[in-house]
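Per my numbering, the very first residue in the sequence shown carries number 246; after that it's consecutive.
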Amino acid sequence: MSKFLTAIQPSGLLHLGNYIGAIEPAVESQQENELRMFVVDYHAITVPQKPDELRQNILNATAIYLACGIDPNKTLLFQQSQVPQHTELAWLLNCTVRMSELERMTQYKDKAKARGENVLVGLFDYPVLMAADILLYDTDVVPVGEDQKQHVELARDLAIRFNRDFGETFVVPEPRIKKVGGRIMGLDDPMKKMSKSAGSAKNYISLLDDEETLRKKIMSASTDSEGKVAFDESRPGITNLVTIFSIVAKKSFEQIELDYVGKGYGDFKKDLAEALTLFLMPLQTKIKTYLEHEDELIKILNAGSIRAREEAERKMEIVRKRIGVKL
Ligand code: ATP
Ligand code: LTN
């Protein structure tokens, strides 16, 4: 049994890429492993958030986790800000990480470019807080999408360095990225990943999109002029749609290719929209039911956070001793 850990930011609506790349593998891991899964609200505020919206997004993310099958009786489900040891360890790791290591982070470079002058120090430091999230819990495996690989590698480097300088303290984690689905691409631009901060809502399928909206988004998804339904990496648009279809309809690429011999993209997209509807509508009903019981969601997060605090504090006591501040 390994220790798995993952987290998602409560910033805006979660999309199909989040589900396929991070939520589904986490749900899957619950079967045979120990899982920790949390809402990283202190990561979300690395770009400005409106307090009312942030609060609602924390509840939405929790409802989505539960509706997708995260079982709070098996999994430690909690809220990052309720466990102050995360920010404490982040500070200590800040005093071991080099500026140049953070300057190399591609997510930072991309987001900083998009924000121009208005780049907050927290955005730069974001990967260090993520390393703290991971290292506090002796994590073996971090299931994430491809875009987070570099951050998990930084967590590995910081663990190895700390262990070398202060004695064996942290487990060195490894990223686990799905070979198929680790990077779902934008529907409007299959050269960029599907992202909740994309310029256009046509980029992504939100887990909460209604039937009509998702049908329109799929029908207008970018493909090519070849007209042959296939998983072919030289044709990223159709390959992305075939990938999504194969995951939500649980069909192999070969089967999908066979099913659409002699048919066009129109037929394929219609069926994909239908498969997505069949997949998302029951999920949405569950999400809505959870959201109707806000008190219950808060209770679950609070109970998980108490347990997380106890576990994190045990690790921090060792860490404080190792660095010499515990008298
Ligand atoms: P943003 O693009 O605004 O930074 P995001 O959509 O990438 O946000 P995150 O909260 O950063 O969402 O990601 C949550 C999890 O979902 C991470 O593990 C991330 O790697 C994964 N993920 C995000 N986008 C995709 C994608 N397009 N395909 C597969 N996994 C993804
Ligand atoms: N940076 C991640 C969210 C995140 C995370 C973590 C993922 C914060 N802490 C720890 C895995 C493990 C993202 O998806 N943007």
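Glycine residues also receive a C-beta, built at the ideal position from the N, C-alpha and C atoms.
On a predicted model such as this, the values are computed, not experimentally measured, just so you know.
Are there 16 or more other CB atoms within 10 angstroms of the CB of residue i, so buried, or fewer, so exposed?
i: Ala404; result: buried
i: Thr320; result: buried
i: Arg343; result: exposed
i: Lys533; result: exposed
i: Ser550; result: buried
i: Gln500; result: exposed
i: Pro420; result: buried
i: Lys424; result: exposed
i: His538; result: exposed
i: Met282; result: buried
i: Val387; result: buried
i: Asn547; result: exposed
i: Asn363; result: exposed
i: Thr332; result: exposed
i: Met439; result: buried
i: Gly444; result: exposed
Among the options, which has the Cα closest to the Cα of residue i?
i: His260; options: Arg428, Lys356, Ile545, Asp378; result: Arg428
i: Thr291; options: Arg360, Gly482, Met344; result: Arg360
i: Ala400; options: Asp383, Phe411, Gly412; result: Asp383
i: Ile422; options: Thr414, Val570, Val397, Asn408; result: Val397
i: Leu542; options: Leu322, Met246, Asp516, Gly472; result: Leu322
i: Lys544; options: Val417, Gln294, Glu391, Asn318; result: Asn318
i: Phe249; options: Ile268, Lys571, Gly257, Tyr510; result: Ile268
i: Asn305; options: Val416, Leu334, Leu258, Glu279; result: Leu258
i: Tyr310; options: Leu572, Gln529, Val417, Ala494; result: Gln529
My output table needs one value for residue i: the three-state DSSP class, helix, strand or coil.
i: Pro418; result: coil
i: Glu279; result: strand
i: Pro388; result: strand
i: Phe476; result: coil
i: Met439; result: coil
i: Val564; result: helix
i: Met350; result: coil
i: Val284; result: strand
Where do the ends of the alpha helix (DSSP H) carrying residue i lie?
i: Thr488; result: 481 to 494
i: Val373; result: 366 to 380
i: Gln324; result: Gln324 -> not in any alpha helix (DSSP H); beta strand (DSSP E) instead, spanning 321 to 324.
i: Glu333; result: 330 to 339
i: Lys447; result: Premise fails: Lys447 is in no alpha helix (DSSP H) and is neither H nor E.
i: Asp584; result: Shown here, the chain extends from 246 to 572; a query on residue 584 therefore has no answer.
i: Lys571; result: Note, Lys571: premise wrong, no alpha helix (DSSP H); not H, not E.
i: Met430; result: Met430 -> no alpha helix (DSSP H), and no H or E assigned at all.
i: Lys461; result: 456 to 464
i: Gln500; result: 498 to 504
i: Gln301; result: 296 to 313
i: Leu403; result: 394 to 411
i: Ser274; result: 269 to 274
Could you spell out the range, first to last residue, of the beta strand (DSSP E) harbouring residue i?
i: Thr251; result: 248 to 253
Between residue i and the ligand MG, is the CB less than 7 angstroms from at least one heavy atom?
i: Ala357; result: Summarising the ligand content, the structure contains the ligand ATP and the ligand LTN and does not contain the ligand MG.
At least three beta-carbon pairs within less than 8 angstroms, the segment 281 to 289 to the segment 320 to 333: The segment 281 to 289, when compared against the segment 320 to 333, does touch it at the 8 angstroms Cβ threshold.
Contact the segment 431 to 441 vs the segment 460 to 480: 3+ CB pairs below 8 angstroms: Output reads yes: the segment 460 to 480 touches the segment 431 to 441.
The segment 506 to 525 in contact with the segment 297 to 305 per 3-pair CB rule at 8 angstroms: No, the segment 506 to 525 is not in contact with the segment 297 to 305.
The segment 338 to 353 touching the segment 366 to 382, judged by at least three CB pairs closer than 8 angstroms: yes
Stretch pair the segment 263 to 275 + the segment 301 to 316: three plus CB contacts closer than 8 angstroms: yes
Segment contact flag, the segment 463 to 478 with the segment 497 to 515, C-beta cutoff 8 angstroms, min 3 pairs: yes
The segment 405 to 418 touching the segment 440 to 457, judged by at least three CB pairs closer than 8 angstroms: Taking a contact to require three or more Cβ pairs closer than 8 angstroms, the segment 405 to 418 and the segment 440 to 457 do not qualify as touching.
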